[in-house]
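Heads up: the structure comes next, in structure tokens.
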Amino acid sequence: MKTTSIYHFQFWLLCLSSLLFFASFNMLVPELPEYLTRMGGADYKGWIIALFTLTAGLSRPFSGKLTDTIGRVPVMIFGASVCFVMGFLYPIMQTVGGFLMIRLFHGLSTGFKPTATSAYVADVVPAKRRGEAMGIHGFFGSTGMALGPWFGSLIANQYGIDALFYTSSVVSILSVIILFGMNETVEEKQPFQLKLLNVGLDDFFDARVLVPSVVMLFTVYSFGVVLTIIPDFTVHLGISNKGIFFTAFTVASLLCRVVMGRLSDKYGRRPISIIGLTIMSAGMILLGFVNNFTLLMVAAGLFGFGFGSMIPAIYAWVIDLADDARRGRAIATMYIALELGIGIGALASQAVYDNQADNFPITFWSAGAMCLIALGYVVLRGKRTA
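In structure tokens:
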């Protein structure tokens, strides 16, 4: 499957599927805090993201092992199908407990599909162009993340929250249909058996990818903060579209992903990670001083540019260090760190914010501090592996 070019049909199919997949569940994010608040669950807003990421993180060892055994495509199809089902269950669950249960199960979607997707990308692109490939694929995923919140808020404002849930399902099933046109890249596939769900410690943690995984954990803490707090912060500033920050953040991320991915191929993963983390830190610190729309967009741009610079480098860094036969498991290790960081960020930020507007600055500055910790770790430890 692997060629000297990344520009081939299978790769573009994967990119399009990822665009639709990320749009499908991200379009819900800006509207869920208010939706849960109307149910009487304002004190549980931090769990909107935390439960989603909890299940995603716990499912990674299973998705990593299955990706390496039964194949990349079946795992991707399962993950996207979960999104399809969940969109129809949200309107049925009209209690806080029911809503939180759906969020818990919804996390299975990102626990499975991105793991297999990243492994598939690594299978079909040349090693010397991994950073570029991750940048291009990330461009499409980020496009879905940008369009999703904006489109989701538009649908919710015009047609109601139930219409948004159903639209999310439709978009996710389109990403499944596209996957049926893809060729499997695992040559010696095994049929699914229940014993494949028996996972050991080595399925949870691959020591080869420790450094980039630790960097990911501390970095995405800030992303968990943003996902949880920004919708309320946007309303506090008097802005009606709660997805506007996410759109600006993702557009900024799109503008740099491909270029920075290529630069990581040329100059190394560590230098590009340092640049990205520095810019992310600046964005989060600035966010604590924001009091108008213009500054909000500047902070979103900085955060997005830094995030978009760093993520392709980290993904490629993990694949560089992974054993080819255990690539799915190595990627799962990195994703466990990602989900853990986002989940902790979501819960901690809600506790610090505590639905009090005066607490917005300290909430954002704490996220900036986590980015600085990640930066320090890359500077002190990253040189050994990149």
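So the sequence shown is numbered by this note's numbering: it starts at 1228 and just counts up by one. Even for Gly, the Cβ is constructed at its ideal location relative to N, Cα and C. Predicted model only: the values in this text are computed from it and were never measured.
Cβ-Cβ distance between residue 1510 and residue 1536 below 8 Å: In this structure, residue 1536 does not lie closer than 8 Å to residue 1510 by Cβ.
Using the three-state DSSP reduction, which class does residue 1572 fall into: helix, strand or coil? Three-state DSSP puts residue 1572 in a helix.
Give me the Cα-Cα distance between residue 1353 and residue 1576, rounded to the nearest whole angstrom. Cα to Cα, the separation comes out at about 40 Å.
Expected contact under 8 Å - CB spacing of residue 1391 and residue 1255 to nearest Å: Between residue 1391 and residue 1255 the beta-carbon gap is near 7 Å, inside 8 Å, which marks them as a contact.
Taking 6 Å as the limit between beta carbons, can you name the residues of its chain near residue 1252, skipping five residues before and five after? When the five nearest sequence neighbours on each side are left out, the beta carbons in the same chain lying within less than 6 Å of the beta carbon of residue 1252 are those of 1310, in order along the chain.
Top-ranked residue by Cα proximity to residue 1584, from 1457, 1607, 1361 and 1488: Ranking 1457, 1607, 1361 and 1488 by Cα distance to residue 1584 puts 1457 first.
Can you name, in chain order, every residue of its own chain whose Cβ lies under 6 Å from the Cβ of residue 1574, other than the five neighbours on each side? Only 1273 and 1277 meet the Cβ criterion.
Can you name, in chain order, every residue of its own chain whose Cβ lies under 7 Å from the Cβ of residue 1582, other than the five neighbours on each side? Cβ neighbours of residue 1582 within its own chain (closer than 7 Å, five residues either side excluded): 1269.
What's the C-alpha gap between residue 1308 and residue 1294? Here the alpha carbon of residue 1308 sits roughly 16 Å from the alpha carbon of residue 1294.
Runs of alpha helix (DSSP H) lying entirely within the region 1368 to 1443, each at least 4 residues, in chain order: The DSSP assignment places 1388 to 1406 and 1428 to 1431 as complete runs of the alpha helix (DSSP H) inside the region 1368 to 1443, in order along the chain (cut-off: 4 residues).
Taking all protein chains shown into account, decide if residue 1521 is buried (16 or more other Cβ within 10 angstroms of its Cβ) or exposed. Around the C-beta of residue 1521, fewer than 16 other C-beta atoms lie within 10 Å, and the residue is accordingly described as exposed.
Can you tell me where the alpha helix (DSSP H) with residue 1494 in it begins and where it stops? Counting along the chain, the alpha helix (DSSP H) containing residue 1494 begins and ends at 1471 to 1494.
Cα-Cα separation, residue 1508 to residue 1596: About 7 Å.
Please go through the same chain and pick out, in chain order, the residues whose beta-carbon is closer than 7 Å to the beta-carbon of residue 1542, but skip the five residues on each side of it. Closer than 7 Å at the Cβ level, and outside the excluded window around residue 1542, lie 1345 and 1361.
Count the CB pairs spanning the region 1358 to 1375 and the region 1309 to 1324 that are closer than 8 Å, and state whether there are at least three. Segment contact: the region 1358 to 1375 against the region 1309 to 1324, fewer than three CB-CB distances shorter than 8 Å; contact not assigned.
Going straight from the alpha carbon of residue 1302 to that of residue 1554, what length do you get? Spanning the two alpha carbons is a distance of roughly 14 Å.
Give a yes or no on contact between the region 1318 to 1329 and the region 1375 to 1383, applying the rule of three or more CB pairs nearer than 8 Å. With the cut-off at 8 Å, the region 1318 to 1329 and the region 1375 to 1383 do not touch.
Below 8 Å, how does it come out for the region 1331 to 1338 and the region 1448 to 1466: are there three or more Cβ pairs, yes or no? No, the region 1331 to 1338 is not in contact with the region 1448 to 1466.
Neighbourhood of residue 1500 by C-beta distance below 6 Å, restricted to the same chain and skipping five residues each side: Excluding sequence neighbours, residue 1500 sits near 1537, 1540 and 1605.
Just the C-alpha distance for residue 1443 and residue 1493, rounded to the nearest angstrom, thanks. Taking the straight line joining both Cα atoms gives about 21 Å.
Look at the alpha carbon of residue 1480 and the alpha carbon of residue 1371, and state the distance between them as a whole number of angstroms. Note on geometry: alpha-carbon atoms of residue 1480 and residue 1371 lie some 12 Å from one another.
Which residues bound the alpha helix (DSSP H) around residue 1208? Any question about residue 1208 goes unanswered here, given that the chain covers just 1228 to 1613.
Are the beta-carbon atoms of residue 1423 and residue 1304 separated by less than 8 Å? No. Outside cutoff.
When the Cα atoms are used, what is the spatial distance from residue 1379 to residue 1467? So the alpha carbons of these two residues sit roughly 13 Å apart.
Is the closest heavy atom of the ligand FAD to the C-beta of residue 1516 under 7 Å? Annotation note on the ligand FAD: not contained in the displayed structure, which lists no ligands.
Can you name the start and end residues of the alpha helix (DSSP H) that residue 1529 belongs to? First-last of the alpha helix (DSSP H) with residue 1529: 1520 to 1548.
Which two residues bound the contiguous alpha helix (DSSP H) that contains residue 1287? 1273 to 1296 is the extent of the alpha helix (DSSP H) around residue 1287.
For the alpha helix (DSSP H) that contains residue 1589, what are its first and last residues? Residues 1587 to 1608.
When DSSP labels each residue in this structure, what does residue 1577 get in the three-state scheme? Helix.
Counted within 10 angstroms of its Cβ, other Cβ atoms place residue 1441 as buried (16 or more) or exposed: Residue 1441 counts as buried, since at least 16 other C-beta atoms from the protein chains shown sit within 10 angstroms of its C-beta.
Can you have a look at residue 1436 and say buried or exposed, based on whether 16 or more other CB atoms are within 10 angstroms of its CB? Residue 1436 is buried by the Cβ-count criterion.
Could you check which residue in 1398, 1367 and 1473 has the C-alpha nearest to that of residue 1315? Of the residues 1398, 1367 and 1473, the one whose Cα lies closest to the Cα of residue 1315 is 1398.
Rounded straight-line distance, which links the Cα of residue 1260 to that of residue 1459: Roughly 8 Å between the two C-alpha positions.
If you compare alpha carbons, which of 1281, 1257, 1425 and 1571 is closest to residue 1383? Residue 1257 is the option with its Cα nearest to residue 1383.
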